[in-house]
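K.L.:
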Amino acid sequence: MPFKLRPILSEMKDMYSKPISGSRFQEYLFKLQGNTKGELILPIMGFNPMGKEHVLLKLEELEELNAEVIMQDAIHEVNLLFDTRILEDILVVLNVADDLKGAWTNFYTTDFESKFNRHALTKRNFCAPYFWTSETYSSELIKCRTKAYLLRSIYAKVNPKPTRLMDYVEQEKYVAKYVSPDGKNKDNNQFEFIDSFYKSNKQSEQYDLIFNFFYGDEASVSLAYTPYGNDGVCGFDYARFLSSTQNQ
Numbered sequence: 000m001p002f003k004l005r006p007i008l009s010e011m012k013d014m015y016s017k018p019i020s021g022s023r024f025q026e027y028l029f030k031l032q033g034n035t036k037g038e039l040i041l042p043i044m045g046f047n048p049m050g051k052e053h054v055l056l057k058l059e060e061l062e063e064l065n066a067e068v069i070m071q072d073a074i075h076e077v078n079l080l081f082d083t084r085i086l087e088d089i090l091v092v093l094n095v096a097d098d099l100k101g102a103w104t105n106f107y108t109t110d111f112e113s114k115f116n117r118h119a120l121t122k123r124n125f126c127a128p129y130f131w132t133s134e135t136y137s138s139e140l141i142k143c144r145t146k147a148y149l150l151r152s153i154y155a156k157v158n159p160k161p162t163r164l165m166d167y168v169e170q171e172k173y174v175a176k177y178v179s180p181d182g183k184n185k186d187n188n189q190f191e192f193i194d195s196f197y198k199s200n201k202q203s204e205q206y207d208l209i210f211n212f213f214y215g216d217e218a219s220v221s222l223a224y225t226p227y228g229n230d231g232v233c234g235f236d237y238a239r240f241l242s243s244t245q246n247q
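Laid out in C-alpha cells, this is it:
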C-alpha cells in the first residue's frame, strides 16, 4: 500500500516567514487546491494561512525534532504491519492547527473532524495527522500521533462513515489496539458514569451527544451544546479501556 510521506515543513516555514497578506493567503490556496476552486490537491486544511509568528516557531520546533523523519519511521512500521490491507498509496501530510490564536480553529470541533470525518480525505488517498500550536512536542508524541492517524485511514478504507456512537468507539478501539493500548482502569471514579452513558446511548446518532461522549461537558458548554454530566473520563479513554480489556 503504502503510506507515503509528503514533506511539508520546509515550504510551510517559508510561507509563514512572509508577511501576513493577501499574497500569502493566495499562496496557501494554490498549495491547497491548485487552479481549481474547491479542489483539494494537498491536504493542508489544518493550517491557518494568516497565522502569526507563533505558528512559524512551532514549525521550527517540529523541524528541530526531525518530526518528518520520525513520521517516516512511523509510516514504515505501519506499512510493514498492514501491507496487504490497502492497495493504493496514501499521501501523508503533517498539519499544524492553531488553537492558540487562530480565530477560525476551535480545538474540539477541529479535532473531532480530523479524527472522524475522514472519508472525503480517504477517498482522495490523503492522510493528515494534526498537531496543535498549544502542544509541547516530543518524539514520542509525533510517532504515536502519526500512527493513530494512519490507523484511522486504514479503518476508514474498510468501514463506512461512522453514524452511531458505537461506530465512533469501534474506530478508536481499533486505533488503541496498536497505539497506546492501555486505557484508564475501572478505579477511575467516573468510569461507571461513562460506561453507563455509552451502553445507554451507543445506538445514538445525535451529534451533540457523540461529541459530548468524547470531549465532555466543558467542551460542550463552550460551544453551546447540551451537557450530559460527562465531567471526568473522555470517550477516547473509554475506547482505550475497552481495547485493553479485550486484548488481555
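Okay, so the sequence shown: first residue is 0 according to numbering that gives the first Met the number 0, each after it adds one. The C-beta atom is built at its ideal place from N, Cα and C for all residues, glycine as well.
Considering only the beta carbon of each residue, do Gly33 and Ile40 sit closer than 9 Å?
P.N.:
Going by C-beta atoms, Gly33 is nearer than 9 Å to Ile40.
K.L.:
Looking only at C-alpha atoms, which of Met70, Asn200, Val54 and Cys126 sits nearest to Asp88?
P.N.:
Per the Cα distances, Cys126.
K.L.:
Verify the CB distance criterion: does Lys160 have a CB-CB separation below 9 Å to chain D?
P.N.:
Among the protein chains of the structure shown there is no chain D, as only one such chain exists.
K.L.:
Go ahead and label Glu63 buried or exposed: buried means 16 or more other beta carbons lie within 10 angstroms of its beta carbon, across all protein chains shown.
P.N.:
Exposed, since its Cβ has fewer than 16 Cβ neighbours within 10 Å.
K.L.:
Considering only the beta carbon of each residue, do Pro128 and Tyr107 sit closer than 9 Å?
P.N.:
Contact flag unset, no.
K.L.:
Need the endpoints of the alpha helix (DSSP H) that Ala119 sits in, please.
P.N.:
Residues His118 to Lys122.
K.L.:
What is the C-beta distance between His53 and Leu93, in whole angstroms, given that I count them as a contact (C-beta under 8 Å)?
P.N.:
Between Leu93 and His53 the Cβ distance is about 17 Å, and since that is not below 8 Å, they are no contact.
K.L.:
Assuming Lys146 contacts Val178 under a Cβ cut-off of 8 Å, what Cβ separation, rounded to an integer in Å, is found between them?
P.N.:
Sure, about 5 Å apart at Cβ, within 8 Å.
K.L.:
Return the chain-ordered ranges of every alpha helix (DSSP H) run that is complete within the stretch 111-163 and spans a minimum of 4 residues.
P.N.:
Taking only runs of at least 4 residues, the alpha helix (DSSP H) segments lying wholly in the stretch 111-163 are 118-122 and 138-157.
K.L.:
Going by DSSP, what residues sit across from Val91 in a beta bridge?
P.N.:
Partner(s): Leu4 and Cys126.
K.L.:
How would you label Val68, buried or exposed, when you count the other beta carbons within 10 angstroms and need 16 or more for buried?
P.N.:
The residue in question, Val68, is exposed, as its Cβ has fewer than 16 Cβ neighbours within 10 Å.
K.L.:
If the criterion is Cβ atoms closer than 9 Å, does the pair Leu241 and Val168 meet it?
P.N.:
Going by C-beta atoms, Leu241 is nearer than 9 Å to Val168.
K.L.:
In chain order, what residues of the same chain lie with their CB nearer than 6 Å to the CB of Ser203, ignoring the 5 residues before and after it?
P.N.:
Here the set comprises Leu164.
K.L.:
In three-state DSSP terms, what is Ala223?
P.N.:
Three-state DSSP puts Ala223 in coil, outside helix and strand.
K.L.:
Just reading off the alpha helix (DSSP H) that Phe190 is part of, what are its end residues?
P.N.:
Counting along the chain, the alpha helix (DSSP H) containing Phe190 begins and ends at Phe190 to Asn200.
K.L.:
Buried or exposed: Ala119, going by 16 or more other Cβ atoms within 10 Å of its Cβ?
P.N.:
Ala119 comes out exposed.
K.L.:
When you measure from the CB of Val95 to every non-hydrogen atom of the ligand MG, does any distance come out below 8 Å?
P.N.:
Summarising the ligand content, the structure contains no ligands, and the ligand MG is consequently not present.
K.L.:
Identify whether Tyr15 lies in helix, strand or coil by the three-state DSSP scheme.
P.N.:
It is helical.
K.L.:
Looking only at its chain, what residues have a beta carbon closer than 8 Å to the beta carbon of Lys12, apart from the 5 residues adjacent to it on each side?
P.N.:
Result list for Lys12: Leu55, Leu58, Glu59 and Glu62, in chain order.
K.L.:
When the Cα of Tyr237 is compared with those of Lys114, Tyr214, Leu150 and Asp72, which residue comes out closest?
P.N.:
Among Lys114, Tyr214, Leu150 and Asp72, the Cα nearest to that of Tyr237 is on Tyr214.
K.L.:
Roughly how many whole angstroms lie between the Cα atoms of Thr104 and Asp97?
P.N.:
Near 6 Å, if we compare the C-alpha coordinates of Asp97 and Thr104.
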